[in-house]
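Chemist:
Numbering (our numbering), first residue to last: 647 to 826.
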């Protein structure tokens, strides 16, 4: 699937209609669930906001120079992808930790409100604190937990990071469509 995403990002404009035709067939025949198909449609749609940064000729992925970084923490994601640092901190407003992590092939976590302090964040975003969150970005998944333990400091007691999670007991909620 990762190869599919990378190829769709590089897809020449004249081949976009072919990619859309294949995605429509996949969608019609339920080859993949909608939450997998929709991001693929977004990648071949040249008007989707995801492509706004693609014209940036200065900042690119470390090894994939034709790809985008994926958001405001894209530089941090690129640094992780290029092994320039073992871990870093991303600022999340919307998908600004998760999307750059995804586009750069690294791991990011946007914690719940109030878990990681925003004190000292610069620049100070002009929006409500519930949307302005800081979180770890790491090259390896196993580095997320210790990084989050460091970032939570005085709020660490609100989390149970030392125990394994029984994934079979997790409840997963999703929304079909974008709510619009």
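We treat Cβ as the ideally placed atom computed from N, Cα and C, and that holds for glycine.
(1) Which residues in the same chain as residue 662 place their Cβ atom closer than 6 Å to its Cβ, once the five residues preceding and following it in sequence are excluded?
(2) Is it true that the CB of residue 783 sits closer than 8 Å to the CB of residue 747?
(3) So who's on the other strand from residue 738, going by DSSP bridges?
(4) How would you write the range of the alpha helix (DSSP H) that residue 666 sits in, first residue to last?
(5) Compare the Cα-Cα distances from residue 795 to each of 677, 807, 693 and 682 and report the closest residue.
(6) Can you tell me whether residue 754 is buried or exposed, with buried defined as 16 or more other CB within 10 angstroms of its CB?
(7) Beta carbon of residue 757, beta carbon of residue 720: below 8 Å?
(8) For residue 798 versus residue 761, is the C-beta spacing smaller than 8 Å?
(9) Going by C-alpha distance, which of 764, 728 and 724 is nearest residue 737?
(10) Once DSSP output is grouped into helix, strand and coil, what is the label at residue 708?
Modeler: From the atom records:
(1) Numbered from 1 along the chain shown, position 16 holds the residue referred to as residue 662. Excluding sequence neighbours, residue 662 sits near 690.
(2) As a first step, residue 747 must be located in the chain shown, where it is residue number 101. As a first step, residue 783 must be located in the chain shown, where it is residue number 137. Yes, the Cβ-Cβ distance between residue 747 and residue 783 is below 8 Å.
(3) Reading the chain shown from its first residue, position 92 is the one you call residue 738. According to DSSP, which records beta bridges pairwise, residue 738 is partnered with 779.
(4) Along the chain shown, one-based indexing puts residue 666 at 20. Here the alpha helix (DSSP H) through residue 666 covers 662-674.
(5) Walking along the chain shown from the start, residue 795 turns up at place 149. Checked all of 677, 807, 693 and 682; the closest Cα to residue 795 is 807.
(6) Counting from 1 along the chain shown, the entry for residue 754 is found at position 108. Buried is the call here.
(7) Here the question's residue 757 lines up with position 111 in the chain shown. Here the question's residue 720 lines up with position 74 in the chain shown. No, the pair does not count as a contact, with Cβ atoms beyond the cut-off.
(8) Stepping through the chain shown from its first residue, residue 798 is reached at position 152. Stepping through the chain shown from its first residue, residue 761 is reached at position 115. Going by C-beta atoms, residue 798 is nearer than 8 Å to residue 761.
(9) As a working note, residue 737 is residue 91 in the chain shown. Residue 737 has its Cα closest to that of 764, out of 764, 728 and 724.
(10) Working through the chain shown from its first residue, we reach residue 708 at position 62. Residue placement at residue 708 is poorly supported in this model, since its pLDDT is 48, which falls under 50; the coordinates still yield a value, given next. The answer is coil: DSSP assigns residue 708 none of H, G, I, E or B.
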